[in-house]
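In the working numbering, the protein residues as written are 40 to 433.
As structure tokens, the structure follows; a few thoughts come after it.
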Ligand SMILES: *Cc1c(COP(=O)(O)O)cnc(C)c1O
């Protein structure tokens, strides 16, 4: 159940409903979008270039390519990595479907391995056990903003000559052992979807330190057109393009980048506010019969994208879905991140998964609930969420 803010509004006449993942849009974004509209430059232009450069500097990597979604970024990273039918890609079932769908889009075969029950992250030992002669890549997902063990990941990748493509949709601010997510592996894909930590409405970014990968993603994301290839034939102002690949239409618009430029300026204060709310929740829920997020591991920076409770019917007296329904009745929106990939019909029918195949991912699927963690939340709203949860889980 990927809850979208647009849907909640329709079932809720309440003015004070706390919408899950409500975006924080300020006057600067509004003015910048208006500026784009008035300038006449709506498509990919100077604001996309500026947003890419600012994002690249924030991450501290060599290249950042803006696209119209993180899903597009995952897809193009897999293409740029040269993945093709017959190749196996190891990833986690505890993720959003796009992680696995993009593996299928390049014709490769997803190989799921179970996650850890406490951290909800892919387990490096299980990755190692799943490696076959056909394995070409690993796609770790920094779920909820908690960084995966990237030291273990890169060590496995080096020993087995694998490409690492990180799904960092939740993890713009995350770091592992002193290195920022986005500056560690071959490709890192970020999302600017409305509920994420930095938003552009729809949007995504791929970071890499490999200039060839960056150039390929840029070209594949705009019809496979190159402006350089034929430039040498033209000595006047007009430059022909040459199509070098049957590419996709995945470019970001300046209207989107206009929002992102100002969102990115607030990325750190917003992270601090979420960290503060996170600490308040930890304290307020410590004595309840519910599971809380695992502590942040030493030498890591958690992006604090989602705060998840684990609601066990036997301990808590009500099932997770009832819990969400009761929160909703109290004017509090919640989300489920996620129902494991292997429990969805398409993947069951296509790959023959049984619910028992990934016991930890299944355990989490049945119990996890994400409560509001937007930097937009006022102290009063945070108090209301705490009161709502405490009233239900006794
Ligand atoms: C949101 C999300 C995506 C997809 O991002 P889009 O920008 O909407 O394409 C991929 N993976 C995870 C884990 C996500 O949460």
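Each residue gets a CB set at the ideal place from its N, CA and C atoms; glycine is no exception.
In this text the structure is predicted, and so the values were computed from the model without any measurement.
Cα-Cα separation between residue i and residue j, rounded to whole angstroms
{"i": "residue 156", "j": "residue 276", "result": "60 Å"}
{"i": "residue 122", "j": "residue 283", "result": "18 Å"}
{"i": "residue 225", "j": "residue 249", "result": "7 Å"}
{"i": "residue 82", "j": "residue 429", "result": "48 Å"}
{"i": "residue 207", "j": "residue 105", "result": "14 Å"}
{"i": "residue 358", "j": "residue 364", "result": "10 Å"}
{"i": "residue 209", "j": "residue 113", "result": "14 Å"}
{"i": "residue 404", "j": "residue 196", "result": "28 Å"}
{"i": "residue 425", "j": "residue 278", "result": "60 Å"}
{"i": "residue 144", "j": "residue 326", "result": "46 Å"}
{"i": "residue 56", "j": "residue 101", "result": "42 Å"}
{"i": "residue 158", "j": "residue 285", "result": "40 Å"}
{"i": "residue 259", "j": "residue 287", "result": "6 Å"}
{"i": "residue 62", "j": "residue 134", "result": "22 Å"}
{"i": "residue 394", "j": "residue 401", "result": "7 Å"}
{"i": "residue 374", "j": "residue 118", "result": "32 Å"}
{"i": "residue 213", "j": "residue 336", "result": "12 Å"}
{"i": "residue 99", "j": "residue 410", "result": "31 Å"}
{"i": "residue 160", "j": "residue 368", "result": "31 Å"}
{"i": "residue 198", "j": "residue 192", "result": "10 Å"}
{"i": "residue 97", "j": "residue 354", "result": "43 Å"}
{"i": "residue 346", "j": "residue 281", "result": "47 Å"}
{"i": "residue 67", "j": "residue 415", "result": "16 Å"}
{"i": "residue 42", "j": "residue 59", "result": "With a pLDDT of 48 at residue 42, under the threshold of 50, the predicted position of this residue should be treated as unreliable, though the coordinate-derived value follows. The straight-line gap from Cα to Cα measures roughly 8 Å."}
{"i": "residue 203", "j": "residue 54", "result": "45 Å"}
{"i": "residue 437", "j": "residue 362", "result": "No information on residue 437 is available, as it lies outside the stretch 40 to 433 that the chain covers here."}
{"i": "residue 372", "j": "residue 339", "result": "29 Å"}
{"i": "residue 413", "j": "residue 318", "result": "14 Å"}
{"i": "residue 162", "j": "residue 240", "result": "32 Å"}
{"i": "residue 120", "j": "residue 173", "result": "14 Å"}
{"i": "residue 312", "j": "residue 264", "result": "42 Å"}
{"i": "residue 64", "j": "residue 127", "result": "41 Å"}
{"i": "residue 142", "j": "residue 316", "result": "35 Å"}
{"i": "residue 324", "j": "residue 406", "result": "16 Å"}
{"i": "residue 139", "j": "residue 384", "result": "14 Å"}
{"i": "residue 116", "j": "residue 227", "result": "8 Å"}
{"i": "residue 331", "j": "residue 408", "result": "10 Å"}
Classification of residue i by the beta-carbon crowding that lies within 10 angstroms, buried from 16 upward
{"i": "residue 307", "result": "exposed"}
{"i": "residue 320", "result": "buried"}
{"i": "residue 48", "result": "With a pLDDT of 48 at residue 48, under the threshold of 50, the modelled position of that residue is not reliable, and no figure is offered here."}
{"i": "residue 266", "result": "exposed"}
{"i": "residue 245", "result": "buried"}
{"i": "residue 379", "result": "buried"}
{"i": "residue 230", "result": "buried"}
{"i": "residue 76", "result": "exposed"}
{"i": "residue 107", "result": "buried"}
{"i": "residue 417", "result": "exposed"}
{"i": "residue 295", "result": "buried"}
{"i": "residue 398", "result": "exposed"}
{"i": "residue 111", "result": "buried"}
{"i": "residue 253", "result": "buried"}
{"i": "residue 200", "result": "exposed"}
{"i": "residue 322", "result": "exposed"}
{"i": "residue 205", "result": "buried"}
{"i": "residue 125", "result": "exposed"}
{"i": "residue 302", "result": "buried"}
{"i": "residue 149", "result": "buried"}
{"i": "residue 71", "result": "buried"}
{"i": "residue 132", "result": "buried"}
{"i": "residue 334", "result": "exposed"}
{"i": "residue 88", "result": "exposed"}
{"i": "residue 146", "result": "exposed"}
Beta-bridge partners of residue i, as assigned by DSSP
{"i": "residue 410", "result": "346"}
{"i": "residue 228", "result": "206, 245"}
{"i": "residue 219", "result": "214"}
{"i": "residue 290", "result": "106"}
{"i": "residue 240", "result": "232"}
{"i": "residue 340", "result": "214"}
{"i": "residue 263", "result": "Answer is none; residue 263 lacks a bridge partner."}
{"i": "residue 330", "result": "349"}
{"i": "residue 451", "result": "A query on residue 451 cannot be resolved here, the shown segment of the chain reaching from 40 to 433 and no further."}
{"i": "residue 57", "result": "371"}
Exercise. When the Cβ atoms of the region 378 to 398 are set against those of the region 413 to 421, are three or more pairs found closer than 8 Å?
Worked result: no
For this session: Could you tell me which uninterrupted beta strand (DSSP E) segments, each at least 3 residues in length, are contained entirely in the region 117 to 187, listed from first to last along the chain?
Result: 127 to 130, 148 to 151, 174 to 178
Exercise. Counting pairs of beta carbons, one from the region 167 to 175 and one from the region 210 to 223, are three or more of them closer than 8 Å?
Worked result: no
Problem set entry | Sufficient close CB pairs (3 or more, under 8 Å) joining the region 172 to 180 to the region 84 to 98 | no
For this session: Just list the beta strand (DSSP E) runs in the region 354 to 416, keeping only unbroken ones of 3 residues or longer that don't cross its boundaries, in chain order.
Result: 407 to 410
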